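Numbering (our numbering), first residue to last: 8 to 393. Even glycine gets a Cβ: it sits at the ideal position worked out from N, Cα and C. Predicted, not measured: the structure shown is a model, and the values here were computed from it.
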């Protein structure tokens, strides 16, 4: 038997999509496709640096598929989505529901399941895709790398891939979240190549806060502190910095860098009522100290650990209360915990879970351990006074 590539597609016949934006335009959607410019990113000589690294094709349609097919009337090549890195929903579109787009993507075999989903906060997706970005040649690569890095070392963002986002949208016991992205600086300046030709770019892309969903519709936003609290509950904070006020006065601060966190969530029935226990263990080091604390004494270390615990507990408590009282959306997956451990109970309450969730007792326990002071046990001001 001799086989052949019956459905092969040559690279020079394709337009490679790296990011897609979806916005609401009246009763139709506006599809924005960020495509690689192969000549500009090849690194070859011959004036390629004068070309933009990407080009943006846009088309309207009654649905996602229609808009995508209409785009072939302006593209000289068939658009290939197998290398896509980012899917961006405009805020207004997300408020109306993203379900139809997710349905199409989950059915189309050309889409992979490893690209990220973000929301253009207070803006349209097309505004995000038009910004020239420093350090990375393509805006999609910048958005991808920045999201992965910030989710690992800051914790106020969440790197949510399309498969996780879709499965959470259809889940009965957990609601979806997605990171918000905004354009900061001069409005419209990012659409000019001079944006990356200056030391200080007039316009930049920045991740800020988490978008809260109910089913497939955007409800609202979490603050940076609340977003960190959410990430703690999910065990997704690999590293972050906790800024604490010194015991002797709030004008001075001390910074604890968390180098590891472990989170455990447990559902329980106590006296016939549902309860969620969240336990979090953290390890950290002191990276900045303005406090007059003697870190050679165990009592000072214990005081610092207590301050760290209180700060983390406050951020978790804040986001839990906001979700229970304002949005009534279980983004934590408490319902999934009861479904796994108490399936009969879950069957009896899943249709009324919003009400149960809003009154659910949530116990939060944080255990923080400070291991190191790094190079010194005294602050610089103390050493200057010696």
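Looking at the secondary structure, which residues open and close the beta strand (DSSP E) in which residue 161 lies?
Taken as a continuous stretch (DSSP letters only), residue 161 belongs to no beta strand (DSSP E), as it is neither H nor E.
Pair within 9 Å by beta-carbon distance, residue 169 and residue 123
yes
Hey, out of 162, 129, 355, whose CA is closest to residue 322's CA?
162
Is it true that the CB of residue 147 sits closer than 9 Å to the CB of residue 25?
yes
Give the range of the alpha helix (DSSP H) segment to which residue 317 is assigned.
305-329
Enumerate in chain order the residues of its own chain whose CB-to-CB distance from residue 199 is below 8 Å, with the five nearest sequence positions on each side excluded.
139
So what does DSSP say about residue 111, is it helix, strand or coil?
helix
Could you compute how far the alpha carbon of residue 213 sits from the alpha carbon of residue 190?
6 Å
Given 8 Å, three or more beta-carbon pairs between the segment 259-274 and the segment 222-233:
no
Rounded to the nearest angstrom, how far is the Cβ of residue 287 from that of residue 319, given a contact under 8 Å?
7 Å
Is the Cβ-Cβ distance between residue 29 and residue 37 less than 9 Å?
yes
Rounded to a whole number of angstroms, what is the C-alpha to C-alpha distance between residue 22 and residue 83?
8 Å
According to DSSP, simplified to helix, strand and coil, what is residue 351?
helix
Once you ignore the five residues that flank residue 88 on each side, which residues in its own chain have a CB closer than 6 Å to its CB?
24, 117, 118
Element boundaries [beta strand (DSSP E), containing residue 394]:
This structure gives no information on residue 394, because the portion of the chain shown stretches from 8 to 393.
Threshold first: 4 residues or longer. Then list the alpha helix (DSSP H) segments lying entirely within the segment 113-201, N to C.
132-136, 146-160, 169-177
Whole alpha helix (DSSP H) elements within the segment 213-257, 4-residue minimum:
231-240
My output table needs one value for residue 53: the three-state DSSP class, helix, strand or coil.
Its pLDDT being 45, under 50, residue 53 is placed unreliably by the model, and the measurement read from it follows with that caveat. It is coil, neither helix nor strand.
Determine the extent of the alpha helix (DSSP H) in which residue 361 is found, giving its start and end residues.
360-365
Does DSSP put residue 357 in a helix, in a strand, or in coil?
helix
Could you give the distance in angstroms between the alpha-carbon of residue 353 and the alpha-carbon of residue 280?
12 Å
Measuring CB to CB, does residue 242 end up less than 9 Å from residue 216?
no
Under the criterion of a Cβ to heavy atom distance below 8 Å, does residue 251 qualify as lining the ligand NAP?
Ligands in the displayed structure: none, and consequently the ligand NAP is not present.
Residue 44, enclosing alpha helix (DSSP H) - first and last residue
Where residue 44 is concerned, there is no enclosing alpha helix (DSSP H), given that its DSSP letter is neither H nor E.
When DSSP builds the beta bridges, which residues end up paired with residue 31?
36
May I ask you to report which of helix, strand or coil DSSP gives residue 345?
helix
Within its chain, find whatever has a CB closer than 6 Å to the CB of residue 267; leave out the 5 residues flanking it on each side and keep chain order.
290
Could you check how far apart the C-beta atoms of residue 67 and residue 98 are, in whole angstroms? I think they sit under 8 Å.
Between residue 98 and residue 67 the Cβ distance is about 18 Å, and since that is not below 8 Å, they are no contact.
So, helix, strand or coil for residue 205, using DSSP?
coil
Taking all protein chains shown into account, decide if residue 395 is buried (16 or more other Cβ within 10 angstroms of its Cβ) or exposed.
Shown here, the chain extends from 8 to 393; a query on residue 395 therefore has no answer.
Mind checking which residues open and close the alpha helix (DSSP H) that includes residue 101?
98-103
Among 364, 325, 141, 314, the one whose alpha carbon lies nearest that of residue 234
325
Quick check: what's the CA-CA separation for residue 133 versus residue 59?
16 Å
For residue 93 and residue 338, I'd like the C-alpha separation in whole angstroms.
22 Å
Following the continuous beta strand (DSSP E) through residue 339, name the residue where it begins and the one where it ends.
From DSSP, residue 339 is part of no beta strand (DSSP E); its letter is neither H nor E.
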